[in-house]
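Notes follow once the structure below has been shown.
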Amino acid sequence: MKRFFAILLSILFVYMMMTFLSNLEPYGKIDLSKRVSIYFLAKDVNSVDPDKWVKGMEQLPTERRIFGEKNLEEGSANTVTSIVVNYRSFDTLGEVTVLFAAAIGVGLVLGGTKRMRYGREPNFILRVSTGILLPLIIMFGVYIFVHGHLSPGGGFPGGTVLAASVLLLYLSNEEFSVGKNITKFLEGFSGSIYIIVGLLGLVLGGAFLYNFLPNGEVGSLISAGVVPVVYAIIGLKVGSELSGVIAEIHQERE
Amino acid sequence: MISLLVATPLLLAFLSILWKKQAEVMLFFAAVVNVLLLLVKGFPNGVEIHAMGSWKPPFGINLVLDNASFYAVLVVNLFFMMISILPGKMKKSYTTSLLLLLTAANGFILTGDLFNSFVFMEIMTITAVTIASKRDNFYNSYKYLILGGVAGSFYLLATVFTYAAAGSLNMAHVATLTLSSGALLAVTTLYTVGLGVEAKLFPLNGWVSGVYSGNELAPLVLGTSVTFAILYMVGRLFGTVFHGNGSETLYVLALITILAGETAALRQTNLLKTFAYSSVAQAGIVIAMISKGTEEAINLAYFHLSNDVVAKFTIFLVAGYLIYNYKDLDGVFKKHKVLGVAFSVASFSLIGFPLFAGFQSKIRIIMEAFLLKDYLLPAVVLLGTIIEIGYVIRWNMRLWFDEEKEEEKVKVPFVIGFISIMLAIILVVVFLNPNVFLEGTQKMAKAIVDTKSYAQGVLSIAKGGM
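Residue numbers (numbering that gives the first Met the number 0), protein chains in the order written: chain A, 0 to 253; chain B, 0 to 465.
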């Protein structure tokens, strides 16, 4: 009976999705001028009067911003970054919190005390190559989140790469284990710094997560205001959180 | 001010990792600061927004404080304040999760952005699952995790469809656009499924009994503040943003939910499970009224919801505390008269017995349904009430008058007795003077129905207050 209902529900779901898909606008034929994102692309949000725009009296941006310009409303060269960490930074704060909540859940559910051992000696090649690869991986991770506002990447992938280095250490060394206190400290510390940056914006600019630093020149390393700062914080936070999860998984109850 | 409602608990959640010992104080502090901020502010009587990062809507994310979200956020924070003063044993090592849940519930209510609300719903689901896993209730919280995850993806899918159809994620902006009927059907159906799991709508409520009966903390937070936040969002989305489109599906599902919930409650032999199913049925009544879409109906829906959450908090507090301290509950109220009185008052208020708040909301709901020429809802509500009387009387008889087992009397912390009896008194006060809640819910309903001034308020104020 249960299976029958499951099949019925699945068929209903597939039928529903098929009918809904025909309502979507076909790929590549979307009228960009009707979407809010066109102003993100042009870095031209401040010049629009929202009330007029919503009523259809459109003020479309005339020019695209290019590399090397100064004093724009948003200074990161990577458009995705400018949406994720500046125009919609509050979402990113939320996503960071999602990961935090999940890490806490993993800690509470697994909650081991002793490092799990597999009882076999790691391969010689694995041990030696870890020594060579580890600094490179860490450097790559840091590079990704430091350049988040210039190239594809950012805090989340950078932090994941950092956590990968910790995973490598766990695999190559039976004795290695990350101190729980270190990861917890980094998590809590970087999370609160993100909010403090937001609150600084509230004090200095009158809005939570306001970009209170100068934007600089598009494309240079020190540009885009608080975006690099925030991405560095996110990188640290994601790295320490995922390392904590990896450590948690490698632990067992006594 | 509005952003602080979200930022304070979140900051304290991160800090509570660093200073574990002070975590409980932080939870209390966060809830009290929020309640004080709200009480000092008073009803905003208009639409106030806070544009995040100073990007004006619809381009950035904005938090909206109007009469509706004000009332909802106040209720949520009041409940969290009560939870924060409960004895530490009840919420051991879950304080950070509770702080995150407070953040998420506040953000979910206040946000004026569809994707942002999805993010907060995600946090809410994950922290709720964490809290539900207390007392090794892993299997049930796993079920909840799966259903919550599916609900989250449907909610996200609905948001994607909205963006594809409208080109914007801002609720006020979407509300001003006229979407095609096909797009509206798709979006509202997906939102029904997405919100339905947390709103305990039939057939998506399979997780409720397991999660609510597994420990004493989960039903207290999930059954009261989270339920209020989610049902507020149902009203906001279907009332304000989609102008009542798609509420027929909601209505039908809600009617089935009422009957299914009550009959399931009657069949239970576990105290917490019984009232878990009863809370499913009450959510059904609220959703059925919300889906009617008129101002008075929505007002009564939230009035009933306010009565229900107060009663449910009392019931789950008393029942949860006793269940984990006694092996056998027969005649347990002979030992705990205060708790017993509070429990009975709350459970009779659920039925809608005169003298208690539930009577006021149920009779008004039935009269309003007759006025709207709907005879199905009163029939279903009355049938549900008859079933409800069955199990409420049965449990009260058993807990008060059954043969007492010879167990040591457990000392009940003062806070639990105090909170439960205070809430019971509130239920009586609301019966005598329903305006205590009606004043707030009336304003709330007015704000939810009035799409035009919501959209105007959000879009024409270039910069909001703090």
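Glycine included, every Cβ here is placed at the ideal spot set by N, Cα and C.
{"query": "Quick check on the burial criterion: 16 or more other C-beta atoms within 10 angstroms. Buried or exposed for VAL229(A)?", "result": "buried"}
{"query": "As an exercise, report each continuous alpha helix (DSSP H) stretch of at least 4 residues that is fully enclosed by the segment 228-306 of chain B, in chain order.", "result": "246-266, 270-291"}
{"query": "Determine the burial state of VAL428(B): buried for a count of at least 16 other Cβ atoms within 10 Å of its Cβ, exposed for fewer.", "result": "exposed"}
{"query": "How is the alpha helix (DSSP H) around LEU77(B) delimited, first residue to last?", "result": "66-83"}
{"query": "For LEU166(A), which residues of its own chain have a beta-carbon under 6 Å away from its beta-carbon, when the five flanking residues on both sides are left out?", "result": "ILE245"}
{"query": "In three-state DSSP terms, what is HIS49(B)?", "result": "strand"}
{"query": "Between LEU183(B) and GLY195(B), which are expected to be in contact by the criterion C-beta below 8 Å, what is the C-beta distance as a whole number of angstroms?", "result": "Actually they are not in contact, since the Cβ atoms of LEU183(B) and GLY195(B) sit about 18 Å apart, beyond 8 Å."}
{"query": "Count the other CB atoms within 10 Å of the CB of MET465(B); is the residue buried (16 or more) or exposed (fewer)?", "result": "In this prediction, MET465(B) scores a pLDDT of 40, lower than 50, which makes its location untrustworthy; the coordinate-derived value is nonetheless stated afterwards. Classification of MET465(B): exposed, given that the 10 Å Cβ count is below 16."}
{"query": "Where do the N-terminal and C-terminal ends of the alpha helix (DSSP H) with GLU240(A) fall, by residue?", "result": "226-248"}
{"query": "Using a cut-off of 8 Å between C-beta atoms, extract the partners of TYR209(A) located in chain B.", "result": "GLY52, SER53"}
{"query": "Under 7 Å Cβ to Cβ from THR181(A), same chain only, skipping five residues before and after it: list those, please.", "result": "Before going on, a small fix: residue 181(A) reads as Ile here, not Thr. Closer than 7 Å at Cβ, skipping near neighbours: no residue."}
{"query": "Would you check if the segment 166-175 of chain A and the segment 205-212 of chain A touch, i.e. whether three or more CB-CB distances between them fall below 8 Å?", "result": "no"}
{"query": "List the DSSP bridge partners of LYS69(A).", "result": "GLU216(A)"}
{"query": "Is it true that the segment 227-237 of chain B meets the segment 71-79 of chain B, where meeting means three or more beta-carbon pairs spaced less than 8 Å apart?", "result": "yes"}
{"query": "Going by beta-carbon coordinates alone, are VAL95(A) and GLY234(A) separated by less than 8 Å?", "result": "no"}
{"query": "Between GLY200(A) and chain B, is the shortest Cβ-Cβ distance under 8 Å, so that the two count as touching?", "result": "yes"}
{"query": "Give every residue of the same chain whose Cβ lies closer than 7 Å to the Cβ of ALA461(B), excluding the five residues on either side of it in the sequence, and list them in chain order.", "result": "Annotation note: pLDDT 48 at ALA461(B) (below 50); position unreliable, coordinate value reported separately. Result list for ALA461(B): LYS55, in chain order."}
{"query": "Around the Cβ of MET123(B), are there at least 16 other Cβ atoms within 10 angstroms (buried) or fewer (exposed)?", "result": "buried"}
{"query": "How would you label VAL202(A), buried or exposed, when you count the other beta carbons within 10 angstroms and need 16 or more for buried?", "result": "exposed"}
{"query": "With distance defined between alpha-carbon atoms, name the residue in SER452(B), PRO8(B), THR440(B), MET396(B) nearest to PHE227(B).", "result": "THR440(B)"}
{"query": "Looking only at C-alpha atoms, which of ASN115(B), HIS172(B), SER208(B), ASN76(B) sits nearest to TYR138(B)?", "result": "SER208(B)"}
{"query": "Just the chain B side, please: which residues come within less than 8 Å of LYS183(A) by C-beta, in chain order?", "result": "ILE16, LEU17"}
{"query": "Does ILE125(B) come within less than 8 Å of chain A when only Cβ atoms are used?", "result": "yes"}
{"query": "Look up ASN61(B) in the DSSP assignment and give the residues it is bridged to.", "result": "ALA50(B)"}
{"query": "Residues in the segment 121-150 of chain B with C-beta within 8 Å of chain A's C-beta atoms, listed in sequence order?", "result": "GLU121, ILE122, ILE125, THR126, VAL128, THR129, SER132, PHE137"}
{"query": "Taking a contact to mean a Cβ-Cβ separation below 8 Å, would you say MET51(B) touches SER88(A) in this structure?", "result": "yes"}
{"query": "Check ARG114(A) in the structure and name its three-state DSSP category.", "result": "strand"}
{"query": "Listing by chain order, which chain B residues have their CB less than 9 Å from the CB of LYS28(A)?", "result": "In chain order: nothing, as chain B lies at least about 12 Å away."}
{"query": "Under a Cβ-count criterion, where at least 16 other Cβ atoms within 10 Å of its own Cβ denotes burial, should ASN70(A) be classed as buried or exposed?", "result": "exposed"}
{"query": "Which residues in chain A sit within 8 Å of VAL409(B), going by Cβ to Cβ distance?", "result": "Here the premise fails: no neighbours, minimum Cβ distance about 26 Å."}
{"query": "Scan the segment 104-172 of chain B and note each continuous alpha helix (DSSP H) run of 4 residues or more that stays entirely inside, going in chain order.", "result": "113-131, 137-165"}
{"query": "Indicate whether at least one CB of chain B lies closer than 8 Å to the CB of THR129(A).", "result": "no"}
{"query": "Do GLU240(A) and LEU98(A) come within 8 Å of each other at the CB atom, strictly closer than that value?", "result": "yes"}
{"query": "Look up GLU251(A) in the DSSP assignment and give the residues it is bridged to.", "result": "LYS113(A)"}
{"query": "Considering only C-alpha positions, which residue in the set ALA287(B), VAL411(B), LEU316(B) is nearest to HIS303(B)?", "result": "ALA287(B)"}
{"query": "Can you tell me whether ARG397(B) is helix, strand or coil according to DSSP?", "result": "helix"}
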